[in-house]
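Undergrad:
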Amino acid sequence: MPIEPVAKVSDKVIRKIVFPAAGMGTRFLPATKATPKEMLTVVDRPLIQYGVEEALASGMDDIIMVTGRGKRAIEDHFDISAELEANLHAAGKDELYREVSRVARMASVAYVRQKVAMGLGHAVLCAAPWVGDECFGVSLADELMISDVPVMQQLREKHEESGFSVVALARVPEEDVSKYGIVDVDQEQGGLFRLHGMVEKPEAKNAPSNMAMIGRYIFTPRLFDFLKEGEIGVGGELQLTDAMNTLAKVEPVYGLLVNAERFDAGNPLGFLIANATLGLKNKKYGDLLKAALEKLL
Ligand code: UTP
3 MPIEPVAKVS DKVIRKIVFP AAGMGTRFLP ATKATPKEML TVVDRPLIQY GVEEALASGM
63 DDIIMVTGRG KRAIEDHFDI SAELEANLHA AGKDELYREV SRVARMASVA YVRQKVAMGL
123 GHAVLCAAPW VGDECFGVSL ADELMISDVP VMQQLREKHE ESGFSVVALA RVPEEDVSKY
183 GIVDVDQEQG GLFRLHGMVE KPEAKNAPSN MAMIGRYIFT PRLFDFLKEG EIGVGGELQL
243 TDAMNTLAKV EPVYGLLVNA ERFDAGNPLG FLIANATLGL KNKKYGDLLK AALEKLL
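Below is the structure:
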């Protein structure tokens, strides 16, 4: 049966992007007991700001943040702090003043509350009324991506060519396969893999490939139909992967191996590696950090 194209939605330029940020951050306890994981700082800015800047650089400036209890700091971070700005301005701290006011004005953000952390699929579904009948991005901010062409932009270009959902992929070493959603794919065509299915955290010996989904997605709004129909599974969670598997049965879902330096900053080791790597590259701190590390090693 020919696949019905999604011309109506794909003709539109994507501007909406959902940031699910309501998870419990258990891998990072106790740091995340009272501080949102997304607000943990890599060098000089929180993870969520990297994600938002990547989205803006990709032309996605209509941001929907899914938050929960204990996540107020995210809202405050992207809000105007009149007192702080006035103090910095009065003290002549111009560079800091400019940076603080830039962050507060960089994006229009809508906040949606996920009242119970019922999984990534449920968090994305919470954003459905704000997304409506449009294609949209999803970005997991604890996966930090650094690249010349922003990863969301790489996905967006392929989405505009294909008109369908496109998911960011990376090859992972065998020992890491069981940490990710792993995809089952066709041969690559025009830089894209058509996905037949995805398996959440498989054992390496049962994994359909070594390509993992790495927290950046563009979806057609049809995904919401399958999230709505989805069943709450193990651990009381509605899985995004289950809805994606159903979506892949009714229309193409593609995977793209993206070009980016990637850090899984949602766990302490990945986070330390992200800080060391970006710290060493930082103009202001790089040389000083290198000298300090050389003394330690
Ligand atoms: P993760 O599993 O990486 O985040 O979910 P987590 O649940 O916060 O962390 P751990 O596993 O307990 O250490 C991927 C993304 O989905 C969001 C998280 O905030 C993260 O960005 N998420 C997860 C939600 O928004 N709601 C949920 O119910 C679950």
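What the sequence shown shows, in this note's numbering, is residues 3 to 299, in sequence order.
Ideal Cβ placement from N, Cα and C applies to all residues, glycine included.
Going by C-alpha distance, which of 80, 58, 259 is nearest residue 48?
TA: Counted from its first residue, the sequence shown places residue 48 at position 46. The shortest Cα separation from residue 48 among 80, 58, 259 belongs to 80.
Undergrad: Can you give the Cα-Cα distance for residue 125 and residue 90, rounded to whole angstroms?
TA: Taking the first residue of the sequence shown as 1, we reach residue 125 at position 123. Taking the first residue of the sequence shown as 1, we reach residue 90 at position 88. Their Cα atoms are separated by approximately 37 Å.
Undergrad: From the DSSP output, in three-state form, read off residue 273 for me.
TA: Counting from 1 along the sequence shown, the entry for residue 273 is found at position 271. Helix, per DSSP.
Undergrad: So which of 68, 100, 208, 236 has the shortest CA-CA distance to residue 143?
TA: On the sequence shown, position 141 is the one that residue 143 refers to. Measuring from the Cα of residue 143, the nearest candidate turns out to be 68.
Undergrad: Rounded to the nearest angstrom, what separates residue 184 and residue 159 at their Cα positions?
TA: As a working mapping, residue 184 is identified with position 182 in the sequence shown. As a working mapping, residue 159 is identified with position 157 in the sequence shown. Spanning the two alpha carbons is a distance of roughly 23 Å.
Undergrad: Does DSSP put residue 279 in a helix, in a strand, or in coil?
TA: Numbered from 1 along the sequence shown, position 277 holds the residue referred to as residue 279. Helix at residue 279.
Undergrad: Suppose you measure from the CA of residue 19 to the CA of residue 154; what does that come to, to the nearest Å?
TA: To locate residue 19, count along the sequence shown from 1; it is residue 17. To locate residue 154, count along the sequence shown from 1; it is residue 152. Those two C-alpha atoms are separated by around 10 Å.
Undergrad: For residue 124, is the beta carbon positioned less than 7 Å from some heavy atom of the ligand UTP?
TA: Looking up residue 124 in the sequence shown gives position 122. At least one heavy atom of the ligand UTP is nearer than 7 Å to the Cβ of residue 124, so yes.
Undergrad: How would you label residue 40, buried or exposed, when you count the other beta carbons within 10 angstroms and need 16 or more for buried?
TA: As a working mapping, residue 40 is identified with position 38 in the sequence shown. Label assigned to residue 40: buried.
Undergrad: Mapping the DSSP letters down to three states, classify residue 241 as helix, strand or coil.
TA: Residue mapping note: residue 241 aligns to position 239 of the sequence shown, counting from 1. Of the three classes helix, strand and coil, the one that applies to residue 241 here is coil, per DSSP.
Undergrad: Name the DSSP beta bridge partners of residue 68, please?
TA: Numbered from 1 along the sequence shown, position 66 holds the residue referred to as residue 68. BP columns for residue 68 point to 22, 114.
Undergrad: Where does residue 44 fall in DSSP's three states?
TA: Walking along the sequence shown from the start, residue 44 turns up at place 42. In this structure, residue 44 counts as strand in the three-state DSSP scheme.
Undergrad: Taking the beta strand (DSSP E) that residue 289 falls in, what are its first and last residues?
TA: Position 287 of the sequence shown, counted from the start, is the residue given in the question as residue 289. Where residue 289 is concerned, there is no enclosing beta strand (DSSP E), although the alpha helix (DSSP H) it sits in stretches over 288-298.
Undergrad: Please classify residue 205: does DSSP put it in a helix, a strand, or coil?
TA: Counting from 1 along the sequence shown, the entry for residue 205 is found at position 203. Looking at residue 205 - three-state DSSP - the assignment turns out to be coil, as it is neither helix nor strand.
Undergrad: With H, G and I counted as helix, E and B as strand and the rest as coil, what does DSSP make of residue 103?
TA: Numbered from 1 along the sequence shown, position 101 holds the residue referred to as residue 103. Here residue 103 sits in helix by DSSP.
Undergrad: If you draw a straight line from the alpha carbon of residue 28 to that of residue 34, how long is it in whole angstroms?
TA: Taking the sequence shown and counting its residues from 1, the one referred to as residue 28 is at position 26. Taking the sequence shown and counting its residues from 1, the one referred to as residue 34 is at position 32. Near 7 Å, if we compare the C-alpha coordinates of residue 34 and residue 28.
Undergrad: Among 94, 65, 249, 57, whose alpha-carbon lies nearest the alpha-carbon of residue 166?
TA: In the sequence shown, residue 166 corresponds to position 164, counting from 1. Comparing Cα positions, the closest option is 249.
Undergrad: Residue 1: buried (16+ other C-beta within 10 angstroms of its C-beta) or exposed?
TA: Only positions 3 to 299 of the chain appear in the structure, and residue 1 is not among them; the question remains open.
Undergrad: Under 7 Å from any heavy atom of the ligand UTP, does the C-beta of residue 26 make it?
TA: For the purposes of this step, residue 26 is taken as the residue at position 24 of the sequence shown. Because some heavy atom of the ligand UTP lies under 7 Å away, the Cβ of residue 26 counts as near it: yes.
Undergrad: Going straight from the alpha carbon of residue 245 to that of residue 225, what length do you get?
TA: Within the sequence shown, numbered from 1, the residue matching residue 245 stands at position 243. Within the sequence shown, numbered from 1, the residue matching residue 225 stands at position 223. Cα-Cα distance, rounded: 6 Å.
Undergrad: Please name the residue, chosen from 234, 299, 66, 187, that lies closest to residue 212 on a Cα-to-Cα basis.
TA: Within the sequence shown, the letter at position 210 stands for residue 212. With distances taken between Cα atoms, residue 212 lies closest to 187.
Undergrad: Any heavy atom of the ligand UTP inside 7 Å of the beta-carbon of residue 138?
TA: Against the sequence shown, residue 138 aligns to sequence position 136. Outside the cutoff, so no.
Undergrad: How should residue 222 be labelled, buried or exposed, when 16 other C-beta atoms within 10 angstroms of its C-beta is the threshold for buried?
TA: Locating residue 222 in the sequence shown gives position 220, counting from the first residue. It is buried - the Cβ of residue 222 has at least 16 other Cβ atoms within 10 Å.
Undergrad: The alpha helix (DSSP H) with residue 76 in it runs from where to where?
TA: What you label residue 76 is simply residue 74 of the sequence shown in a count that begins at 1. It spans 74-79 - the alpha helix (DSSP H) in which residue 76 sits, taken as one unbroken run.
Undergrad: Kindly say whether residue 96, judged by its beta-carbon, lies nearer than 8 Å to any beta-carbon of chain D.
TA: Chain labels in this structure do not include chain D; a single protein chain is all it has.
Undergrad: So, using beta-carbon positions, are residue 66 and residue 133 closer together than 8 Å?
TA: Along the sequence shown, one-based indexing puts residue 66 at 64. Along the sequence shown, one-based indexing puts residue 133 at 131. Closer than 8 Å, so yes.
Undergrad: Please report the straight-line C-alpha distance between residue 6 and residue 205, rounded to a whole angstrom.
TA: Your numbering for residue 6 matches position 4 in the sequence shown. Your numbering for residue 205 matches position 203 in the sequence shown. Low per-residue confidence applies at residue 6: pLDDT is 47, beneath 50, and the placement is therefore not dependable, though the value from the model is reported in the following sentence. So the alpha carbons of these two residues sit roughly 35 Å apart.
Undergrad: With H, G and I counted as helix, E and B as strand and the rest as coil, what does DSSP make of residue 140?
TA: Within the sequence shown, the letter at position 138 stands for residue 140. Residue 140 falls in the strand class under three-state DSSP.
Undergrad: Going by C-alpha distance, which of 217, 168, 178 is nearest residue 198?
TA: The count along the sequence shown starts at 1 and reaches residue 198 at position 196. It is 168 whose Cα lies nearest to the Cα of residue 198.
Undergrad: Opposite residue 258 in the DSSP bridges: which residues?
TA: Position 256 of the sequence shown, counting from 1, holds the residue named residue 258. In the DSSP output, where bridge partners are listed per residue, residue 258 has 170.
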